[in-house]
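>
2 protein chains.
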Amino acid sequence: MTVYNFSAGPAALPMAVKQQIADELFDWQGTGCSVMEVSHRSPEFVNLAEHTEQLARELIGISDDYAVMFIQGGARTQYAMLPMNLSSPQGQAVYAVNGHWGKLALKEGGRFTQAITTAPVSETTYASIPDYEADEIPQTANYFHYTSNETLEGVQWSKPPECGAVPLCCDMTSDLLSREFDMNRHAMIYASAQKNMGIAGITFVALRKDLIGQSANLIPMMNDYQTYANSGSMYNTPPTFPWYVMNLVLQWVKGQGGLAGIQRINRQKSGLLYEYVDRSDFYQNMVSKNCRSEVNVPFWLADESLNQAFLDNSAAAGLKALKGHKAVGGMRASIYNAIPEAGIEALISFMQEFERTHG
Amino acid sequence: MTVYNFSAGPAALPMAVKQQIADELFDWQGTGCSVMEVSHRSPEFVNLAEHTEQLARELIGISDDYAVMFIQGGARTQYAMLPMNLSSPQGQAVYAVNGHWGKLALKEGGRFTQAITTAPVSETTYASIPDYEADEIPQTANYFHYTSNETLEGVQWSKPPECGAVPLCCDMTSDLLSREFDMNRHAMIYASAQKNMGIAGITFVALRKDLIGQSANLIPMMNDYQTYANSGSMYNTPPTFPWYVMNLVLQWVKGQGGLAGIQRINRQKSGLLYEYVDRSDFYQNMVSKNCRSEVNVPFWLADESLNQAFLDNSAAAGLKALKGHKAVGGMRASIYNAIPEAGIEALISFMQEFERTHG
Chain A
1 MTVYNFSAGP
11 AALPMAVKQQ
21 IADELFDWQG
31 TGCSVMEVSH
41 RSPEFVNLAE
51 HTEQLARELI
61 GISDDYAVMF
71 IQGGARTQYA
81 MLPMNLSSPQ
91 GQAVYAVNGH
101 WGKLALKEGG
111 RFTQAITTAP
121 VSETTYASIP
131 DYEADEIPQT
141 ANYFHYTSNE
151 TLEGVQWSKP
161 PECGAVPLCC
171 DMTSDLLSRE
181 FDMNRHAMIY
191 ASAQKNMGIA
201 GITFVALRKD
211 LIGQSANLIP
221 MMNDYQTYAN
231 SGSMYNTPPT
241 FPWYVMNLVL
251 QWVKGQGGLA
261 GIQRINRQKS
271 GLLYEYVDRS
281 DFYQNMVSKN
291 CRSEVNVPFW
301 LADESLNQAF
311 LDNSAAAGLK
321 ALKGHKAVGG
331 MRASIYNAIP
341 EAGIEALISF
351 MQEFERTHG
Chain B
1 MTVYNFSAGP
11 AALPMAVKQQ
21 IADELFDWQG
31 TGCSVMEVSH
41 RSPEFVNLAE
51 HTEQLARELI
61 GISDDYAVMF
71 IQGGARTQYA
81 MLPMNLSSPQ
91 GQAVYAVNGH
101 WGKLALKEGG
111 RFTQAITTAP
121 VSETTYASIP
131 DYEADEIPQT
141 ANYFHYTSNE
151 TLEGVQWSKP
161 PECGAVPLCC
171 DMTSDLLSRE
181 FDMNRHAMIY
191 ASAQKNMGIA
201 GITFVALRKD
211 LIGQSANLIP
221 MMNDYQTYAN
231 SGSMYNTPPT
241 FPWYVMNLVL
251 QWVKGQGGLA
261 GIQRINRQKS
271 GLLYEYVDRS
281 DFYQNMVSKN
291 CRSEVNVPFW
301 LADESLNQAF
311 LDNSAAAGLK
321 ALKGHKAVGG
331 MRASIYNAIP
341 EAGIEALISF
351 MQEFERTHG
C-alpha cells in the first residue's frame, strides 16, 4: 500500500531524497563513512555547506546584501533572537498576527522589545487576515514581523504586508520553497526546515547584512546573528545531517523547476482539494478565499461525530496524520512540496467514498 | 579496505547503529515512513523519547532528583545557558580550566556571571590539570564548572574535582558514556552528542531539579531549562532524527555491558596506544600519566617534517582524520566508543611500519 503522510511537520520528504540518503549512508562522497560521521571542517562538508547556501540563494533569489545562516533551535529560537538582535527593551516592533504561530512570536518577542500589533489579537481562530492601515505603522519601529502561512488555521498571505520603510521580517517556516515571493521586500526571512526544506534540527535564516551586529544587548554568542554570519554558521559543530538533507531537498526543488515549478504543482494540488471541499456539503473550509493556504488545508466534517471514523478509516487506507491541531479541531491535510499530486487524488477519492458511505 | 575514522567529532558511529538506521529508513516501526518524517507528537516518537530518557538514566545512574533534557545548539549553547539559569550578573561561579574548551566555557560564562578560576589560565596548551586548594573555593559560588575531557590536549580528569557544597557542573561532551563516573557528585552534566552519544544537533543535559526555575534573569524561552523540564523537551519541534540516533547508540552501549563494559574496552584501547607511543622514540605524548585522556590520544612525531607524509600515508591506509587540532599541532587519534579494538591495532601497525620506513 502506498502511504501518504499529511503530517504538519516533521513532514514527508521527497522519495528521491530518501533514496539518496539510503544510497550514501555507508559511503558519502568516497569518504568511506556516513555524512553523519564526517567533520564539519572537512573539505567535503565545507563544500556541501557552500553549495547549500549557493543553491538557496539561487532558488529564492537572495542577493549578496543578505547573510545566509543555518541555526539550531527552530523558529521559536528566532522569536527571541530577532528582537534581541534587531531591537531592545526600549525599542519598538510591530507584529501582524493572523494565527497560532504569530501569537506565539508576539508573546516571546514582547519580552525583548515593545511589541505592538497591527490589529487586536484574536483569542480564537483566524479565518482571514485582519485589516490594518499601513500608513499608521510607526516608521521608527525596528522591524515588522508576520507569519506568511499559519499551519493550524490554513491562512496564508497572498503577498507580503505593507509596512513602509520598516524592515520586514517573516516566519516562513511552513511555506518557504513552496511558492514564489518577493525576497527583496524583506529584511529577513526564516524557516525551520521540517516542512518544505528537510528535517527538524536546522533553521534557515536570510538577514540583511546592514542589520547584523548593531545591537547593544548582552546576547549569548549562539543567539547572535553576527556569530553565524562571521563563521559560515560553523562557530561550533553545526547539525551536519539536517544540513545535508537540506542540500538534497534544495537540489530536488531545483529539479522540479525551482519555486515557479513547485508553485505550479502546489496550486494544482491545493486547488483540487479546495474545489472538492467547496463542492461538498459533507466537508467545509471556512477560510476566506483570498488567504487560503496552499500548503495546509484544514477541513471540518459537517457531522463531527464522524471524526474518529474518518481518522481510523483514512489511516487504514494509508492516508496518515490527517487530524487537525487540537486548538482548532477537525481535519488538516498538510500538502507540502513532498506530497505528490497522486497523494491529493488518493485523499479526494477517500473523502468521496467516506461521504458516500457515511453521508 | 576497512576505514577507521579517528575524527574528533562529528565522529564514527557503531556499525550496528548505521545498519539499523539503514534498515528502518523507509519504514520506521510500521509507520510506512522514515523516523525523520514522523510527528514528534506521534505515539511512536513519544515512546522513543521516553525510552531514550529511561535508558540514559539507567546507564548513567541518574536519579529522579534530576531532570533529563534534550537541547539544540551544542555545548556552546550550554556555556551561556548555565550562568543565565543558575547565576546572574551579580552572582559568582568558579571555572576549573585545563584546556581549550574550558577556556571557551569561561569566556562565554564570564559574560553572564562573575567568573573566577581555580588557577591561572594558561595561554598555551595543557599537559596536566592545574592544582588548586579545594578549601579556597568560595562556598557562595552558584556553581563550579569543569571539562571532564579536553579533546585537543588529551587531558582528562580521573575523578571529579573537589568543590565542597558548590553545585558541580561538567561539560562531558567528549567522554559521557565512555566510562563510569559518580553522577551523584554532580549537580549538572551535559554533552553534545557527536562524540560518544550519536550525531551533531542534540545535547544531553541532566540537571538537579531544585536548581531549575530559580533565576530572575530575562531568559529566552528556548534558553530556559524550565521550558525543557516542563515539556519533556518538546516545547517545540525537537531534532527528531538526532534524538533517534541517540536512542540507538544508548541501546548499543547497553549491549556492550553499559558504562563498565565500555570502560573496560576503552582502557584496553587507549592503553595499547599509549604503551606503544611511550615505547617509541619516534612518537611522543607529553601529558602527565595521571590525566591522560582515554578517548583522545594526541601524539607528535619527533621529526615534524614527516607530518604530511604521515597524514597522507595513514589516510591512504584507511586511517582517517588523524591530524591534530591546529591549536596544538601534531596528530590525534580520537578513539571514542565506536572505534573497535581492531582500529587501534590497525593504527599501531601503521605507526610501526611508518617508523620502520621513516625512522
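Protein chains in written order, with the UniProt record's numbering: chain A, 1 to 359; chain B, 1 to 359.
Where is the CB? At the ideal position from N, CA and C, for every residue including glycine.
1) Mind checking which residues open and close the beta strand (DSSP E) that includes Asp171(A)?
2) Identify which residue in Glu355(A), Asp135(A), Ala327(A) has its Cα closest to the Cα of Leu152(A).
3) If you draw a straight line from the alpha carbon of Asp135(B) to that of Cys163(B), how long is it in whole angstroms?
4) Check whether the stretch 305-325 of chain B touches the stretch 284-297 of chain B, counting contact only when three or more Cβ pairs, one atom from each stretch, lie closer than 8 Å.
5) Assign Arg41(B) to one of three DSSP states: helix, strand, or coil.
6) In angstroms, rounded to a whole number, what distance separates the CA positions of Ala193(B) and Leu259(A)?
7) Taking Tyr146(A) as the reference, which of Thr140(A), Thr124(A), Asp175(A) has the closest Cα?
8) Starting from the beta carbon of Thr237(A), find every residue of chain B whose beta carbon is closer than 8 Å, and list them in chain order.
9) For the stretch 317-343 of chain B, enumerate the residues whose C-beta is nearer than 9 Å to any C-beta of chain A, in chain order.
10) Roughly how many angstroms lie between the CA atoms of Asp281(B) and Ala333(B), to the nearest whole one?
11) Give the list of continuous alpha helix (DSSP H) stretches no shorter than 4 residues that lie fully inside the stretch 243-313 of chain A.
12) Quick check on the DSSP output: what are the complete alpha helix (DSSP H) runs of length 4 or more inside the stretch 38-123 of chain A, in order along the chain?
13) Mind pulling the chain A residues with CB within less than 8 Å of Gly32(B)?
14) Determine, using beta carbons only, whether Met183(B) and Ala191(B) come nearer to each other than 8 Å.
15) If the criterion is Cβ atoms closer than 8 Å, does the pair Ser178(B) and Asn337(B) meet it?
16) Which residues in the same chain as Gln352(B) place their Cβ atom closer than 8 Å to its Cβ, once the five residues preceding and following it in sequence are excluded?
17) State yes or no: is the C-beta of Ala141(B) within less than 8 Å of the C-beta of Val166(B)?
18) Check the DSSP bridge columns for Met188(A) and list the partner residues they point to.
19) Of the choices Met84(A), Gln263(A), Gln156(A), Asn236(A), whose alpha-carbon is the least far from that of Phe112(A)?
20) For Ser39(B), decide whether its Cβ has a neighbour in chain A, counting only Cβ atoms nearer than 8 Å.
21) Count the other CB atoms, across all protein chains shown, that sit within 10 Å of the CB of Phe50(A); report buried if there are 16 or more and exposed otherwise.
22) Give me the DSSP bridge partner(s) of residue 385(A).
23) Check Tyr235(B) in the structure and name its three-state DSSP category.
24) Kindly give me the distance between the Cβ atoms of Phe350(B) and Ala317(B), rounded to whole angstroms, as I take these residues to be in contact under 8 Å.
25) Report, in whole angstroms, the separation of the C-beta atoms of Ala105(A) and Tyr79(A), which I expect to be a contact under 8 Å.
26) For Glu24(B), go through chain A and note every residue whose CB falls closer than 9 Å to its CB, in chain order.
27) Use the C-beta contact count for Leu82(B): other C-beta atoms within 10 angstroms, 16 or more gives buried, fewer gives exposed.
28) Residues of the stretch 212-243 of chain B in Cβ contact with chain A at a cutoff of 8 Å, in chain order, please.
29) Roughly how far, in whole angstroms, is the beta-carbon of Tyr4(A) from the beta-carbon of Leu319(A), given that I think they are within contact range, below 8 Å?
30) Output needed for Leu13(A): all residues of its chain with C-beta closer than 6 Å, excluding positions within five of it in sequence on either side, in chain order.
31) Going by C-alpha to C-alpha distance, which of Asn223(A), Met36(A), Arg185(A), Thr203(A) sits closest to Asn236(B)?
32) Would you kindly check if the distance between the Cβ of Ala8(B) and the Cβ of Asn313(B) is under 8 Å?
33) If you drop the 5 nearest sequence neighbours on each side, which residues of the same chain put their C-beta closer than 6 Å to that of Trp157(A)?
34) When we look at the beta-carbon of Asp224(B) and count the other beta-carbons within 10 Å, is it buried (16 or more) or exposed?
35) Under 8 Å by Cβ, that's how I've got Val249(A) and Val17(A) pegged, so tell me the actual separation to the nearest angstrom.
36) Is the stretch 55-64 of chain A in contact with the stretch 24-39 of chain A, if contact means three or more CB pairs nearer than 8 Å?
Taking the geometry as given:
1) That run of the beta strand (DSSP E) goes 168-171.
2) Comparing Cα-Cα distances from Leu152(A) to each of Glu355(A), Asp135(A), Ala327(A), the minimum goes to Ala327(A).
3) CA-to-CA, the gap between Asp135(B) and Cys163(B) works out to about 8 Å.
4) Because the criterion of three Cβ pairs below 8 Å is not met, the stretch 305-325 of chain B and the stretch 284-297 of chain B do not touch.
5) Here Arg41(B) sits in coil by DSSP.
6) Approximately 35 Å, taken between the alpha carbons.
7) Ranking Thr140(A), Thr124(A), Asp175(A) by Cα distance to Tyr146(A) puts Asp175(A) first.
8) Result: Gly9, Pro10, Gly74, Ser192, Gln194, Ala200.
9) Only those residues of the stretch 317-343 of chain B whose C-beta falls short of 9 Å from the nearest C-beta of chain A are listed: Gly318, Lys320, Ala321, Ala338.
10) Taking the straight line joining both Cα atoms gives about 18 Å.
11) The qualifying runs are 258-279.
12) Every alpha helix (DSSP H) of 4 residues or more that sits fully in the stretch 38-123 of chain A is shown, in chain order, as 43-60, 74-86, 100-109.
13) Met1, Val3, Asn5, Gly318, Lys320, listed in chain order.
14) Not a contact, by the Cβ cut-off of 8 Å.
15) If you check the CB distance, Ser178(B) and Asn337(B) come in under 8 Å.
16) Answer for Gln352(B): Tyr276, listed in chain order.
17) Taking 8 Å as the Cβ cut-off, Ala141(B) and Val166(B) qualify as a contacting pair.
18) Answer by DSSP bridge pairing, in chain order: Cys169(A), Leu207(A).
19) Looking at Met84(A), Gln263(A), Gln156(A), Asn236(A), the one whose alpha-carbon comes closest to that of Phe112(A) is Met84(A).
20) In terms of beta-carbon proximity, Ser39(B) lines the interface with chain A, with at least one pair separated by less than 8 Å.
21) Note on identity: in this sequence residue 50(A) is Glu, with Phe being the wrong assignment. Exposed, by the Cβ-count rule.
22) Residue 385(A) cannot be examined here, being either before or after the span of chain A that is shown, 1 to 359.
23) DSSP places Tyr235(B) in coil when its eight states are reduced to three.
24) Right, their Cβ atoms sit about 5 Å apart.
25) Indeed, because the Cβ distance is near 5 Å, the residues count as touching under 8 Å.
26) The premise fails here: Glu24(B) is roughly 11 Å from chain A at the closest Cβ pair, so nothing lies under 9 Å.
27) By the 10 Å Cβ count, Leu82(B) comes out buried.
28) Here the close residues are Leu218, Pro220, Met221, Met222, Asn223, Tyr235, Asn236, Thr237, Pro238, Pro239, Thr240, Phe241, Pro242.
29) Yes, Tyr4(A) and Leu319(A) are in contact; Cβ-Cβ is about 5 Å, under 8 Å.
30) Contacts found: Ala338.
31) That would be Thr203(A), whose Cα lies nearest to the Cα of Asn236(B).
32) Cβ distance not < 8 Å, so Asn313(B) and Ala8(B) don't count as in contact.
33) Within the same chain, Trp157(A) has close Cβ partners Ser148.
34) Classification for Asp224(B): buried.
35) Correct: roughly 6 Å between the Cβ atoms.
36) Output reads no: the stretch 24-39 of chain A does not touch the stretch 55-64 of chain A.
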